[in-house]
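Residue numbers (this note's numbering), protein chains in the order written: chain L, 194 to 595; chain F, 194 to 595.
Given below as structure tokens:
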């Protein structure tokens, strides 16, 4: 009974990040040589503030209930530790005799794990540091996909199933903006909403391709002429040929976080800008914009069971790797056949601070849609019970008026 | 075998409007003296364009699949018929020997039914005209509630359950704008998201009360000081003391529909305006705005089973009233005990063109929250299987650093 584990959650919440937390907490209890599992409030921020809770004293029933709850039960942070910050982290880890640090997060968080691990090594502090993946952006290098993405993708798919039907009932142009700064995976998930010929989204704009407003307008015009309507999915991260975000054309002063990222979420400005362009330049009257915002990452009641299971498993594997692996790393997800996964531990350097974007063969040549390969990629991740939609197919009544 | 029924759908789609359509179609098949059930495409617009389909020739399985699909399977319209328009309607009804007109819609649509019924009477045309209720706004006079509202309310509740958790994990101010031009029922539904002490939404602004920006800012400031965060639900219809919509303070040129209504939905402008106020006036850094937009009325996969059942039943009752009732009217929903309903047929004049707003005893005196009575009112409508959320309750680890 000697090891002590600390687990924390960093970055944006997801529908299943608590599954990973609970995976760590419950798996740790199965090791007789793990004395305690601590959780840090608010990510690394809670560590340096010594704000820890003892997850060993949680009941299994409550942990399971928390696992099924979206967002981050420990609280999260956007802090990105520098060397001095990391030294503070060691002091707390050392003081509490913690020798295993599990951090659940995206590429910024994996970089934090890498820095902490490096500083621990330099300082001669014996620390096992494991990064547990999480991000709805699906942008971790070395991963088939990341926990949190399948559930967010399912939300986007179901949202577009409804938005398409709504737009079919009251025709016009509908444009929804979806999260994803550099990677278009989540925006692309809208394609899975299509069921019948003519279904939207008719146009999908991902940040992997330069967004040219004139081309966008030509696309919308052509679609509107063909279908009498147009449903558009656009990533919040779409940018012009210079790499400037389309949203900054509208907003003068933009907010930046500690990582130097421009604020793209939490505002409906981009959808409104795109709608104004369509109204003014194409003269279409009924143009509506939605921004899925925080709903897509924390809506209660839209989750992929595949995502839940895998998020739990990467948490469990993190503890196993920490206890038996003898190495630091990131618990990756690799796809095996159609459909299974393996969880290899990969070097932190492979993941840390890097950003995966959609591979070229997932994006249609015209740059405004996905390929059939993307459907094959995403479909198994959405899980069981994705609702179906149906259409009337009753015959027309012959006109009798002359 | 002599009667012919025509059914159409008007106004904004909902999660269960197709239940009512299918209720009409299937119930009509049980009457041996009903020869045909026709559906009009795009509401009254499809009638005057003689764009009808023969629902009698649908299969039961497909009708059931359509019933479970949100939005309006026949298509909808915002047209508000005048006398001339109604005369065109008669010509088509007469030409197709249709003697029963069922129109599924809100207060604008019920007014259409009233005008059509009046014009039929004047013209000596034997027509039975029945209004079948539908509106997520829940604003029909004479109704306990309206089909479509419970499912939209459930969406809002589940969305706020997640938004509250997200805001708890990464603290700041979160403001979501919800549909509802004059009636705040849907915005008020956010209150049902609360589970634990301190849970948001902390502030709820309904259009039944004047929105005073300074009071709003004072509310946010007080909440932020108390909880370190603030979750706000605001109706798109909030207005100042002169009745001017808050959104028009921001947007210069605003769009109006055929009913003279200002466009409030399909733009994130109001949420962005409120967030800017909070940022600039209170100096709070992390302020995020969402606009639930079209998701709240047509998201696939978030529906109340109570709503589904009742929407089906009002469709069935419409046919029964048409065949056996001998009167025109609107199929109302009245609550009986806790919880059951009756479906009396009430005069069209009671409903047509009128707007119900939240009763005073449902709104807290301060005007920024609901009363316990509202919880009692809404809870049975949300249906079975509303997801639960949980919190960690592990004890704090004692600080050891000196």
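For every residue, glycine included, the Cβ atom is placed at its ideal position computed from N, Cα and C.
Item to complete: Would you mind listing the beta strand (DSSP E) stretches within the segment 469-542 of chain L that are 3+ residues and don't spill past its ends, in chain order?
Response: Fully enclosed beta strand (DSSP E) runs of 3 or longer: 480-484, 522-524, 527-529, 533-535.
Fill in: Minimum length 4: unbroken alpha helix (DSSP H) runs contained in the segment 369-457 of chain F
You should have 378-381, 406-420, 440-443.
Fill in: Extent of the continuous beta strand (DSSP E) run through residue 157/L
The question about residue 157/L has no answer, for chain L in this structure spans 194 to 595.
Fill in: Whole-angstrom distance between residue 554/L and residue 564/L, CA atom to CA atom
The sequence position of residue 564/L within the first chain is 371, counting from 1. The sequence position of residue 554/L within the first chain is 361, counting from 1. When rounded, the separation of the alpha-carbon atoms in residue 564/L and residue 554/L is 7 Å.
Worksheet item: Between which two residues does the alpha helix (DSSP H) containing residue 283/L stretch?
Response: Taking the first residue of the first chain as 1, we reach residue 283/L at position 90. Here the alpha helix (DSSP H) through residue 283/L covers 276-288.
Worksheet item: Using a beta-carbon distance cut-off of less than 7 Å, what residues from the segment 344-360 of chain F approach chain C?
Response: The structure shown has no chain C; the protein chains it does contain are L and F.
Worksheet item: Taking Cβ positions only, does residue 492/L come closer than 8 Å to chain F?
Response: Looking up residue 492/L in the first chain gives position 299. Residue 492/L counts as touching chain F.
Worksheet item: Anyone know if the C-beta pair for residue 230/L and residue 259/L falls short of 8 Å?
Response: Against the first chain, residue 230/L aligns to sequence position 37. Against the first chain, residue 259/L aligns to sequence position 66. Not in contact: residue 230/L and residue 259/L (Cβ atoms no closer than 8 Å).
Discussion item. Quick check on residue 248/L - is its C-beta less than 8 Å from some C-beta in chain F?
Written reply: Within the first chain, residue 248/L is the residue found at index 55, counting from 1. True, the Cβ-Cβ gap to chain F drops below 8 Å.
Fill in: Short Cβ contact (8 Å threshold) for residue 365/L with residue 460/F
Here residue 365/L refers to the residue found at position 172 of the first chain. Here residue 460/F refers to the residue found at position 267 of the second chain. With contacts defined by Cβ atoms closer than 8 Å, residue 365/L and residue 460/F do not form a contacting pair.
Worksheet item: Where does residue 309/F sit, in a helix, a strand or coil, going by DSSP?
Response: What you label residue 309/F is simply residue 116 of the second chain in a count that begins at 1. In this structure, residue 309/F counts as helix in the three-state DSSP scheme.
Worksheet item: Do the CB positions of residue 307/F and residue 542/F come within less than 8 Å of each other?
Response: By 1-based counting over the second chain, the position of residue 307/F is 114. By 1-based counting over the second chain, the position of residue 542/F is 349. Taking the C-beta atoms as reference points, residue 542/F is found nearer than 8 Å to residue 307/F.
Worksheet entry | Per-residue burial, residue 197/F [other beta carbons within 10 Å of its own, 16 or more giving buried] | On the second chain, position 4 is the one that residue 197/F refers to. Note on residue 197/F: 16 or more other CB atoms within 10 angstroms of its CB, so buried under the neighbour-count rule.
Worksheet item: Can you list the residues of chain L that residue 266/F reaches, using a CB-CB cut of under 7 Å?
Response: As a first step, residue 266/F is located in the second chain; it is residue number 73 there, counting from the start. Residues of chain L with a Cβ closer than 7 Å to the Cβ of residue 266/F are, in chain order, 584, 585.
Worksheet entry | residue 204/F burial status per 10 Å Cβ neighbour count (16 or more: buried) | For this step, residue 204/F is matched to residue 11 along the second chain. Around the CB of residue 204/F, 16 or more other CB atoms lie within 10 Å, so the residue is classed as buried.
Practice prompt. Measure the CB-CB distance between residue 499/L and residue 573/L and report whether it falls below 8 Å.
Written response: Within the first chain, the letter at position 306 stands for residue 499/L. Within the first chain, the letter at position 380 stands for residue 573/L. For residue 499/L and residue 573/L, yes; Cβs fall inside 8 Å.
Worksheet entry | Pick from 232/L, 340/L, 342/L that is closest to residue 636/F, judged by C-alpha positions | Outside the shown range of chain F (194 to 595) lies residue 636/F, about which nothing can therefore be said.
Worksheet item: Taking buried to mean at least 16 other C-beta atoms within 10 Å of its own C-beta, is residue 236/F buried or exposed?
Response: Counting from 1 along the second chain, the entry for residue 236/F is found at position 43. With 16 or more other Cβ atoms from the protein chains shown falling within 10 Å of its own Cβ, residue 236/F counts as buried.
Worksheet item: Run through DSSP, which three-state label would residue 229/F get?
Response: Within the second chain, numbered from 1, the residue matching residue 229/F stands at position 36. Strand at residue 229/F.
Worksheet item: Candidates 346/F, 489/F, 490/F, 256/F: which alpha carbon is nearest residue 585/L's?
Response: The residue labelled residue 585/L in the question sits at position 392 within the first chain. Nearest neighbour of residue 585/L by Cα position, chosen from 346/F, 489/F, 490/F, 256/F, turns out to be 256/F.
Worksheet item: Which residue from 489/F, 425/F, 493/F, 544/F puts its Cα closest to that of residue 582/L?
Response: Translated into the one-based positions of the first chain, residue 582/L becomes position 389. It is 493/F whose Cα lies nearest to the Cα of residue 582/L.
Discussion item. Given a cut-off of 8 Å on the beta-carbon distance, is the pair residue 428/F and residue 380/F in contact?
Written reply: Stepping through the second chain from its first residue, residue 428/F is reached at position 235. Stepping through the second chain from its first residue, residue 380/F is reached at position 187. Contact: yes.
Fill in: Separation of residue 431/L from residue 397/L, as counted between CA atoms
One-based indexing of the first chain puts residue 397/L at position 204. One-based indexing of the first chain puts residue 431/L at position 238. One alpha carbon belongs to residue 397/L, the other to residue 431/L, and they sit about 11 Å apart.
Discussion item. So if DSSP puts residue 198/F in a beta bridge, which residue, or which two residues, is it bridged to?
Written reply: Locating residue 198/F in the second chain gives position 5, counting from the first residue. DSSP lists 230/F, 293/F as partners of residue 198/F.
Practice prompt. Could you tell me whether the segment 462-480 of chain L touches the segment 293-309 of chain L, using the rule of 3 or more Cβ pairs below 8 Å?
Written response: The answer is no - the segment 293-309 of chain L does not touch the segment 462-480 of chain L, with fewer than three Cβ pairs under 8 Å.
Discussion item. Just to confirm before moving on: does the CB-CB distance between residue 376/L and residue 207/L stay below 8 Å?
Written reply: Numbered from 1 along the first chain, position 183 holds the residue referred to as residue 376/L. Numbered from 1 along the first chain, position 14 holds the residue referred to as residue 207/L. It is not a contact, given that the beta carbons lie outside the stated cut-off.
Worksheet item: Starting from residue 240/L and walking both ways along the alpha helix (DSSP H), at which residues does that stretch end?
Response: Position 47 of the first chain, counted from the start, is the residue given in the question as residue 240/L. First-last of the alpha helix (DSSP H) with residue 240/L: 237-241.
Discussion item. Counting only beta-carbon separations shorter than 8 Å, does residue 590/F have a partner in chain L?
Written reply: If you number the second chain from 1, residue 590/F lands on position 397. Yes, residue 590/F lies at the interface with chain L (some Cβ there is under 8 Å from its Cβ).
Worksheet item: Taking the continuous alpha helix (DSSP H) assigned at residue 210/L, which residues delimit it?
Response: Position 17 of the first chain, counted from the start, is the residue given in the question as residue 210/L. From DSSP, the alpha helix (DSSP H) with residue 210/L extends over 210-221.
Worksheet item: For residue 465/L and chain F, any beta-carbon pair shorter than 8 Å?
Response: Residue 465/L sits at position 272 when you count from the first residue of the first chain. Answer yes: the Cβ-Cβ gap between residue 465/L and chain F drops below 8 Å somewhere.
Practice prompt. Under the assumption that residue 485/F contacts residue 370/F (Cβ atoms under 8 Å), give the Cβ distance between them as a whole number of angstroms.
Written response: The count along the second chain starts at 1 and reaches residue 485/F at position 292. The count along the second chain starts at 1 and reaches residue 370/F at position 177. The pair is a contact, with the Cβ atoms about 7 Å apart (cut-off 8 Å).
Worksheet item: Would you say residue 509/F touches the ligand FAD, meaning its beta carbon is less than 7 Å from a heavy atom?
Response: This structure lacks the ligand FAD; in fact it carries no ligand of any kind.
Worksheet item: Under a CB-based cut-off of 8 Å, is residue 259/L close to chain F?
Response: If you number the first chain from 1, residue 259/L lands on position 66. Chain F, which has a Cβ nearer than 8 Å to the Cβ of residue 259/L, makes this yes.
Practice prompt. Spell out the partners DSSP gives residue 332/L in its beta bridges.
Written response: Residue 332/L sits at position 139 when you count from the first residue of the first chain. DSSP, once it has assigned bridges, lists no residue as partnering residue 332/L.
Worksheet item: Relative to the alpha-carbon of residue 590/L, which residue among 250/F, 526/F, 317/F has its alpha-carbon at the smallest distance?
Response: Residue mapping note: residue 590/L aligns to position 397 of the first chain, counting from 1. The residue from 250/F, 526/F, 317/F with its alpha-carbon nearest to that of residue 590/L is 250/F.
Worksheet entry | Which of helix, strand or coil DSSP assigns to residue 602/F | The structure shown does not extend to residue 602/F, since chain F is modelled only from 194 through 595, so no value can be given for it.
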